[in-house]
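S.K.: Residue numbers (my numbering), protein chains in the order written: chain A, 8 to 322; chain B, 503 to 816; chain C, 15 to 344.
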Amino acid sequence: MTWKRWSYMDHWITGTPQGPRQPTFNRNHTERYLRQLETLGFTGFDTFGFTLPIYASLYGSVPAFERALQDHGFVGLTGVFAAYPYATDFAAPHRRETHDRIFADFERTAAAVDGLAVENVIVMPTNTYFQVEPVTDETIKITAELWNRVGAMLAPRGLNLTCHFEFWGAIRTEDELALFFEHTDPELVGFFCDTAQHTIAGVDPLALFRRYRDRCRGFHFKDTQRVDDFDAYRTAPDAELMATGVPRWFYEMGTPEGLVDFPALMREILDSGFDGWLTVEHDKADLGGGNFAEATAVAKWYIDNVLDSVRGGAA
Amino acid sequence: MKWSYMDHWRSPSPNGPIDQWQTYDSMDRFLKQVAAVGYDAIDTFDHRYFTIIDQYGSVANYQEFVQERGLERIVNTFHAAAYDQRNYAPHIASTHDNILEDFRVTMDRWSGIQLDNIIVMPATLYYDMEPVTEDKIKTTAELWNKVGAITLDAGVKLTCHHEFFCGIQSKEELDTFYAYTDPALVNLFVDTAQHCIASVDPVEFYEKYADRVTGFHFKDTRHQDLVGDYRRRPDAELMGTTTPRWFHEMGDEGGLVDFEAFMRAVVRNGYDGWLSVEHDKANKLGGDHAESTAIARWYAKNVLEKVAREEAAK
Amino acid sequence: MSGFRYSYALNQWRQSPTSFVRLEDHERAFKTLSVSGFRAVELWAGTGRWSNLGRPEHLRLNYGSSAGFVGRLAECGIDAVSSLTWDPSAPAAEEGFDLRSTSRPADHARILAAVDPYLDLLTELGCDRIVVRATEPAGRIGADLDVGAVASVLERIGSAAKDRGVRLAADIDCLSPLRDAAGIASLLDSTDPDLVDLSLSTADLVVAGEDPVAIARRHVDRIGHVHLKDSHFVDSENAYLLPGAEVDMLQGNAGRRIERWFFEFGSEAGLVDAAAVLGVLGESDYSGWVVLESDQSPEPATSAMLNAWYLTHIAAAGFRAAARTEEPAR
């Protein structure tokens, strides 16, 4: 069947007279970006919390930017991603003394998207693994406390808090995920399935979706050609760009040698009754001479020509 | 020790990637970059002749343009012929008159400047020549003996550059070819990466024919062709299954060529000509010609020249 | 006669958030600059694990230590870190995204705390120059700039720096409310020459409608750092006063829609007379760094090579001679 709710996660690099830059380089480049996404048929748009002020600056306000999205055929701003990848004295979910500060950040984010189409507030629930380790039951429980609290604040505002787990984050294995979900309220803290991140971490995203379907709030559909079988997740200061021998982890759907079985996942989604957004993400698609526009078009081709042919009930 | 840079170049423009021959400005920027990192000269392709005439009036004028930007001269030109078995194929004797006439015309066109070498790929694409037999190589050799006489009359050495996908690329084919060609007329131009891809050790090969060598392309590769990509139709360099990018600059971390050993051999054999650096298709997979050119010159200056001095002192 | 040295800024290699992160990419930039004749590099402060030359902790983590970084530079043929540029008003995750202004005295203690790790780093790197952005953009400050407050915090940073053997040069960029001759003079007149030098930024002066040669002559005794770059445009419409001038003006979002203001030397439209600026410095006692930049270039390596060519052949006959000729350590 044709899935109606495809959104695009706001990673994009484009050529400018100053070299490769994000489309927020100026409003003209942003408009070109939105036109390309509109042409491909995306109707949802997810962005980062830290990009909201930039869009507000370019368009006058965040609601004005949402109106611009709607002029391009989007239903609006559908998701906001927030992250503290690097542990600092100010933001470390496994340290209670930083929770008030993080909570206040999310209150601001909620205020910034009040009245907009946003459904999901997607969060990277931990910092880098190497800064948190040893990862213990205690670090995970403290982290869970924070997100229960943030989720309880967001829920009455109509916002789902949902957790997106990086392969290099401090909750990454099946056991760590299970413990985290055991200590978080299913009504307040959702699961967000990033197909590539889990695969790299050696965890089957399809099995995870089956297990946590009831609290799954969304997906990042992206692929990878590689499982981290050499402890790259502990690379300091960064595993996504600096892992030895792997300059690029992420690829668009349909890539040769891709490890994610998207048709199987699609079948599972159809059977599950999930009715949220499916999000295409192309994180760092420019590495090694790649091109965001082309990667996005190729992924949408894959959606239209492969995933749309998938029928439920066959599993 | 003098270094020359071979023609390959791409830079971004508002219209997408362009080569240096698009405008005076793009040529100006190309030459200044090559000069800035310490190359002494350039090599080019002789099919650039038409652009040169359009833009600079004459080959001599173009060389002046080069010199005004701090480079000494044009050292070598590469004769990149479009081989066609109907009228232009070295292993087919009936096409030789046509080829000989092409070289008479070419040498006349470039007579306004003094070149060291005219470089050729001496055989057609492998799949157009196979089965590669001794007879075909002998016919090919006869052609280049005659061409060598023509170029030498013009004061330029004919020298042969063996792509991994051309009809003379294996050790045996190379030996046969050089046995049938006249050392006074047909020389060898060693491309370190091309031989390496073809599983011919560039150092051993160079040592064997050192007295016939009149130049080099210093470039690296990360792959040998172990799957028969040299026979891939219609193109082996861009369409091979081994890799989307065969060539890298010297100093590349995954490079297979032992440049230090190669440079020692060059010095040991008393070679005193120009050393050419080539970055064919360096813009693949996010690469950048300008940066590759600087990195290669860094490697030449900081690694190879030091090795050369050590070897010379022995 | 002065004995200034040349350096090159690395800032433009980091064009997008995910570029210039891997150490092999750093190495390629170092080698490109070395073989182009530049034997020193300028760092710039940043934030996050991907700005890994821009934070002291990440630099040490990547290279094992500051000495490890200096050693790697030496292996690539780079002899020194000339300088580091730092914007006290730029929020950094490592500092809790603290929003500070040099013009607000209440922020000064936090500014001094924030610069401290950088001064430690510079000491470890054997670098004696920090270039501090004097103010945030005019459009953000509003009309009432307290020059005395700016001068005061610069002096305090300068004093802390001096204690570590580092000198401060104030960077007055083309968006600063102090960008014109009067503004520059007012800041210099308000600061102790023993603690605060001027960073002469040729392109920013041109954009501000000033003549960099005249400014160099006027303040030659206060120049402690030089950013030598070219511009094709003058901000004749005072676009720098727009609230979002960093995007509206410098990225062409508004007004004349100029998407690139800064260029390498050697293009016909260039407005900076590099030879004349170097001539003023050459006749003075200036013995600091002259830092070239690829700022705003889509091809930072190309711009570095073209700048090297321009210095060698047009603007500074001594450029190549000034470059160290012996081999780097391997």
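Beta carbons are placed, not taken as given, at the ideal position from N, Cα and C, and that holds for glycine.
Fair warning: this is a prediction, and the values are worked out from it, not measured in the lab.
Answer yes or no: do Val-120 (chain A) and Val-87 (chain A) have a C-beta to C-beta separation smaller than 7 Å?
M.R.: Residue 120 (chain A) sits at position 113 when you count from the first residue of the first sequence. Residue 87 (chain A) sits at position 80 when you count from the first residue of the first sequence. Contact: yes.
S.K.: Mind reading off the beta-carbon distance from Ser-80 (chain C) to Glu-138 (chain C)? Whole number of angstroms is fine, and I expect it under 8 Å.
M.R.: As a working mapping, residue 80 (chain C) is identified with position 66 in the third sequence. As a working mapping, residue 138 (chain C) is identified with position 124 in the third sequence. That pair is a contact at about 4 Å.
S.K.: Using the beta-carbon of each residue, which ones in chain A are nearer than 8 Å to Ser-311 (chain C)?
M.R.: As a working mapping, residue 311 (chain C) is identified with position 297 in the third sequence. Chain A residues near Ser-311 (chain C): Gln-25, Gly-26.
S.K.: Do you know whose CA, among B:Arg-571, B:Glu-570, B:Gln-565, B:Arg-588, lies nearest Val-577 (chain B)'s CA?
M.R.: Indexing the second sequence from 1 puts residue 577 (chain B) at position 75. Cα-wise, what sits closest to Val-577 (chain B) is B:Gln-565.
S.K.: Can you grab the Cα-Cα spacing for the pair Thr-745 (chain B) / Ala-302 (chain A), in whole Å?
M.R.: One-based indexing of the second sequence puts residue 745 (chain B) at position 243. One-based indexing of the first sequence puts residue 302 (chain A) at position 295. Near 20 Å, if we compare the C-alpha coordinates of Ala-302 (chain A) and Thr-745 (chain B).
S.K.: Note down, in chain order, each residue of its chain lying with its Cβ closer than 8 Å to the Cβ of Cys-90 (chain C), except the 5 sequence neighbours on either side.
M.R.: Translated into positions along the third sequence, residue 90 (chain C) becomes position 76. Taken in chain order, the residues that qualify are Glu-41, Phe-44, Lys-45, Ser-48, Pro-342.
S.K.: Does any CB atom of chain C fall closer than 7 Å to the CB of Ile-207 (chain A)?
M.R.: Here residue 207 (chain A) refers to the residue found at position 200 of the first sequence. Answer no: the Cβ-Cβ gap between Ile-207 (chain A) and chain C never drops below 7 Å.
S.K.: Looking at the secondary structure, which residues open and close the beta strand (DSSP E) in which Thr-150 (chain A) lies?
M.R.: Here residue 150 (chain A) refers to the residue found at position 143 of the first sequence. Careful: Thr-150 (chain A) lies outside any beta strand (DSSP E), inside the alpha helix (DSSP H) at 144-161.
S.K.: Taking 7 Å as the threshold (C-beta atoms), are Leu-687 (chain B) and Val-658 (chain B) in contact?
M.R.: In the second sequence, the residue the question calls residue 658 (chain B) occupies position 156. In the second sequence, the residue the question calls residue 687 (chain B) occupies position 185. For Val-658 (chain B) and Leu-687 (chain B), no; Cβs fall outside 7 Å.
S.K.: Just checking: is the beta-carbon of Leu-758 (chain B) within a distance shorter than 7 Å of some beta-carbon in chain A?
M.R.: Taking the second sequence and counting its residues from 1, the one referred to as residue 758 (chain B) is at position 256. It does not: the Cβ of Leu-758 (chain B) has no partner Cβ on chain A nearer than 7 Å.
S.K.: Using a Cβ-Cβ cut-off of 7 Å, state whether Gly-296 (chain A) counts as contacting chain B.
M.R.: Against the first sequence, residue 296 (chain A) aligns to sequence position 289. Yes, its Cβ sits closer than 7 Å to a Cβ of chain B.
S.K.: Do you know how far the Cα of Met-8 (chain A) is from the Cα of Ala-322 (chain A)?
M.R.: Residue 322 (chain A) sits at position 315 when you count from the first residue of the first sequence. Residue 8 (chain A) sits at position 1 when you count from the first residue of the first sequence. Annotation note: pLDDT 44 at Ala-322 (chain A) (below 50); position unreliable, no value reported.
S.K.: Are Val-705 (chain B) and Ala-763 (chain B) close, meaning C-beta to C-beta below 7 Å?
M.R.: As a working note, residue 705 (chain B) is residue 203 in the second sequence. As a working note, residue 763 (chain B) is residue 261 in the second sequence. Yes, the pair counts as a contact, with Cβ atoms nearer than the cut-off.
S.K.: Can the beta-carbon of Gln-310 (chain C) be found closer than 7 Å to that of Arg-270 (chain C)?
M.R.: In the third sequence, the residue the question calls residue 310 (chain C) occupies position 296. In the third sequence, the residue the question calls residue 270 (chain C) occupies position 256. Not a contact, by the Cβ cut-off of 7 Å.
S.K.: To the nearest angstrom, how far is it from the Cα of Val-35 (chain C) to the Cα of Arg-28 (chain C)?
M.R.: Here residue 35 (chain C) corresponds to residue number 21 of the third sequence, with the count starting at 1. Here residue 28 (chain C) corresponds to residue number 14 of the third sequence, with the count starting at 1. Each residue's alpha carbon lies about 8 Å from the other.
S.K.: Closest to Asp-655 (chain B) by CA distance: which of B:Arg-606, B:Leu-627, B:Ser-528 is it?
M.R.: Working through the second sequence from its first residue, we reach residue 655 (chain B) at position 153. When each option's Cα is compared against that of Asp-655 (chain B), the closest is B:Arg-606.
S.K.: Using a Cβ-Cβ cut-off of less than 9 Å, list which residues of the stretch 769-798 of chain B approach chain A; keep chain order.
M.R.: Listed by position, the residues of the stretch 769-798 of chain B near chain A (Cβ gap below 9 Å) are Asn-785, Lys-786, Leu-787, Gly-788, Gly-789.
S.K.: Pick out the complete beta strand (DSSP E) segments inside the stretch 680-747 of chain B, 3 residues or longer, and give them in chain order.
M.R.: Entirely contained in the stretch 680-747 of chain B, the beta strand (DSSP E) runs reaching 3 residues are, in chain order, 688-693, 715-720.
S.K.: Consider the Cβ of Trp-27 (chain C): report whether some Cβ of chain B lies at a distance smaller than 7 Å.
M.R.: Residue 27 (chain C) sits at position 13 when you count from the first residue of the third sequence. Answer no: the Cβ-Cβ gap between Trp-27 (chain C) and chain B never drops below 7 Å.
S.K.: Roughly how many angstroms separate the alpha carbons of Ala-166 (chain C) and Ile-144 (chain C), rounded to a whole number?
M.R.: On the third sequence, residue 166 (chain C) is found 152 positions in, with the first residue counted as 1. On the third sequence, residue 144 (chain C) is found 130 positions in, with the first residue counted as 1. It is Ser, not Ala, that sits at residue 166 (chain C) in the sequence shown. Approximately 17 Å between the Cα atoms of the pair.
S.K.: Going by DSSP in three states, Trp-64 (chain C) sits in which element: helix, strand or coil?
M.R.: In the third sequence, counting from the first residue as 1, residue 64 (chain C) sits at position 50. Coil.
S.K.: Please go through the same chain and pick out, in chain order, the residues whose beta-carbon is closer than 6 Å to the beta-carbon of Glu-181 (chain A), but skip the five residues on each side of it.
M.R.: Along the first sequence, read from residue 1 onward, the residue named residue 181 (chain A) stands at position 174. Closer than 6 Å at Cβ, skipping near neighbours: Val-210.
S.K.: From the DSSP output, read off the bridge partner residues of Arg-143 (chain C).
M.R.: By one-based count along the third sequence, residue 143 (chain C) stands at place 129. According to DSSP, Arg-143 (chain C) bridges with C:Arg-181.
S.K.: Identify, in the order they occur along the chain, each residue of the same chain with its Cβ nearer than 8 Å to the Cβ of Asn-298 (chain A), setting aside the five sequence neighbours on each side.
M.R.: If you number the first sequence from 1, residue 298 (chain A) lands on position 291. Closer than 8 Å at the Cβ level, and outside the excluded window around Asn-298 (chain A), lie Ala-292.
S.K.: In whole angstroms, what separates the C-alpha of Tyr-711 (chain B) from that of Asp-637 (chain B)?
M.R.: The residue you call residue 711 (chain B) lines up with position 209 of the second sequence. The residue you call residue 637 (chain B) lines up with position 135 of the second sequence. Tyr-711 (chain B) and Asp-637 (chain B): Cα-Cα distance of roughly 22 Å.
S.K.: Looking at chain A, is there any beta carbon in it that lies within less than 7 Å of the beta carbon of Val-261 (chain C)?
M.R.: Counted from its first residue, the third sequence places residue 261 (chain C) at position 247. Yes, because at least one Cβ of chain A sits closer than 7 Å to the Cβ of Val-261 (chain C).
S.K.: Near Ala-537 (chain B), which residues of its chain fall below 8 Å by C-beta distance, leaving aside the five closest residues on each side in sequence?
M.R.: In the second sequence, the residue the question calls residue 537 (chain B) occupies position 35. So the list reads Arg-571, Gly-572, Leu-573, once near-sequence residues are dropped.
S.K.: Who are Cys-90 (chain C)'s beta bridge partners in DSSP?
M.R.: As a first step, residue 90 (chain C) must be located in the third sequence, where it is residue number 76. Looking at the DSSP assignment, Cys-90 (chain C) forms no beta bridge with any residue, so it has no partner.
S.K.: Using 10 angstroms around the beta-carbon of Tyr-526 (chain B), count the other beta-carbons present and answer buried if the total reaches 16, otherwise exposed.
M.R.: Numbered from 1 along the second sequence, position 24 holds the residue referred to as residue 526 (chain B). Classification for Tyr-526 (chain B): exposed.
S.K.: Between A:Ala-117, A:Glu-140, A:Trp-13, which has its C-alpha nearest Arg-241 (chain A)'s C-alpha?
M.R.: Position 234 of the first sequence, counting from 1, holds the residue named residue 241 (chain A). Closest by alpha carbon: A:Glu-140.
S.K.: Can you tell me where the beta strand (DSSP E) holding Trp-776 (chain B) begins and where it ends?
M.R.: As a working mapping, residue 776 (chain B) is identified with position 274 in the second sequence. Run containing Trp-776 (chain B): 776-780, per the beta strand (DSSP E) assignment.
S.K.: Go through the stretch 10-45 of chain A residue by residue and report every complete run of the beta strand (DSSP E) that reaches 3 residues or more, in order.
M.R.: Complete beta strand (DSSP E) runs here, min 3: 13-16, 21-23, 26-28.
S.K.: By the 10 Å Cβ neighbour count, where 16 or more other Cβ atoms means buried, how is Met-263 (chain C) classified, buried or exposed?
M.R.: Position 249 of the third sequence, counting from 1, holds the residue named residue 263 (chain C). With 16 or more other Cβ atoms within 10 Å, it is buried.
S.K.: Quick check: the stretch 95-103 of chain A against the stretch 57-72 of chain A, are at least 3 beta-carbon pairs closer than 8 Å?
M.R.: As far as the Cβ criterion goes, the stretch 57-72 of chain A does not touch the stretch 95-103 of chain A, which means the pair count is below three.
S.K.: Nearest chain C C-beta to Gln-535 (chain B) closer than 7 Å, yes or no?
M.R.: Within the second sequence, the letter at position 33 stands for residue 535 (chain B). It does; some Cβ of chain C falls within 7 Å.
S.K.: Just checking: is the beta-carbon of Phe-32 (chain A) within a distance shorter than 7 Å of some beta-carbon in chain C?
M.R.: By one-based count along the first sequence, residue 32 (chain A) stands at place 25. It does; some Cβ of chain C falls within 7 Å.
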